[in-house]
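Written below as structure tokens is the structure these notes are about.
Chains as they are written, first to last, in our numbering: chain Z, 1 to 113; chain C, 114 to 226.
Structure representation (structure tokens):
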């Protein structure tokens with residue numbers, strides 16, 4: 001089934017540890033995105049990539065890094081996790097020229113303690 | 114970027130039409146209106162989009178006013194499974210065919226049995 005796969009589904013992480021959230025899509029979409037969602041704040045864009053080999057910063061990029069080595073994968077790394085990064089993280093992809101909207105993954109629930 | 118304004122919450126009786134309003138008074142001529150919904154803690158799901166003409170698909174109808182400053186998403190026969198947060202978003206098409214979606218806090222629609 002075409003779509004986006006995120007892993008892990010959930011994770012409890014000690015503060016200061018490094019963590020990579022994985023995101024893979026099989027739709028050959030050029031653009032990919034990482035959002036975080038906190039209660040009462042809606043979805044906020046962390047980083048995005050318009051095409052393989054390029055990345056850009058969103059609204060809330062501090063403490064996060066991304067890479068886009070190929071079309072399918074867009075991992076999000078927390079170099080040294082802090083409790084304020086406790087959130088639900090959603091990966092999405094789109095093909096802007098087709099204008100059919102974003103496809104979202106099912107999310108990763110991360111708790112930093 | 115064009116900002117959208119939606120009611121925080123709405124109720125609708127099961128089987129009735131749910132009409133969700135959205136104001137986007139600063140929308141530009143080439144910006145599309147997109148609607149997504151998020152059921153419980155799942156990833157957001159694309160519903161429909163439009164530029165200036167009314168649109169209909171298997172999920173919903175989108176009515177955009179002639180001046181494009183507001184729109185209404187219509188779920189013709191609401192079911193309990195339509196209970197979700199609905200996001201109205203203005204899609205900004207950037208250079209080189211890239212796009213940007215900014216999510217607000219949406220409307221929490223509750224379908225009443």
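All C-beta atoms in this analysis are idealised placements derived from N, C-alpha and C, irrespective of residue type, glycine included.
- Within its own chain, the residues whose Cβ lies closer than 7 Å to the Cβ of residue 80(Z), once the five positions on either side in sequence are excluded, are 16, 18, listed in chain order.
- Given a length threshold of 4 residues, the region 142 to 222 of chain C has no whole run of the alpha helix (DSSP H) inside it.
- Within the model, the alpha-carbon separation for residue 97(Z) versus residue 37(Z) is close to 26 Å.
- Among the residues of chain Z, none has a CB under 8 Å from the CB of residue 184(C); the nearest is roughly 15 Å distant.
- Just measuring C-alpha positions, the residue of 152(C), 144(C), 202(C) sitting nearest residue 164(C) is 144(C).
- For residue 38(Z), the enclosing beta strand (DSSP E) has its first and last residue at 31 to 38.
- For residue 112(Z), the pairing in a beta bridge is given by DSSP as 13(Z).
- Put simply, the backbone Cα of residue 177(C) is about 38 Å away from that of residue 110(Z).
- Judged by their CB atoms, residue 105(Z) and residue 156(C) are nearer to each other than the 8 Å cut-off.
- Among the residues of the region 168 to 192 of chain C, none has a Cβ less than 7 Å away from any Cβ of chain Z.
- Within the same chain, and ignoring the five residues on either side of residue 50(Z) in sequence, the residues whose Cβ sits closer than 6 Å to its Cβ are 31.
- In this structure, DSSP gives residue 85(Z) a helical state, which the three-state scheme calls helix.
- Counting along the chain, the unbroken beta strand (DSSP E) around residue 46(Z) starts and ends at 42 to 49.
- Residue 183(C) is a Cβ neighbour of residue 134(C), given a cutoff of 8 Å.
- When 7 Å is used as the limit between beta carbons, residue 90(Z) is near these residues of chain C: 156, in chain order.
- Under the 10 Å beta carbon count, residue 180(C) is surrounded by fewer than 16 other beta carbons and is classified as exposed.
- In the same chain as residue 10(Z), and ignoring 5 residues on each side of it, the C-beta atoms closer than 6 Å to its own belong to 109, in chain order.
- The Cβ of residue 142(C) sits no closer than 8 Å to any Cβ of chain Z.
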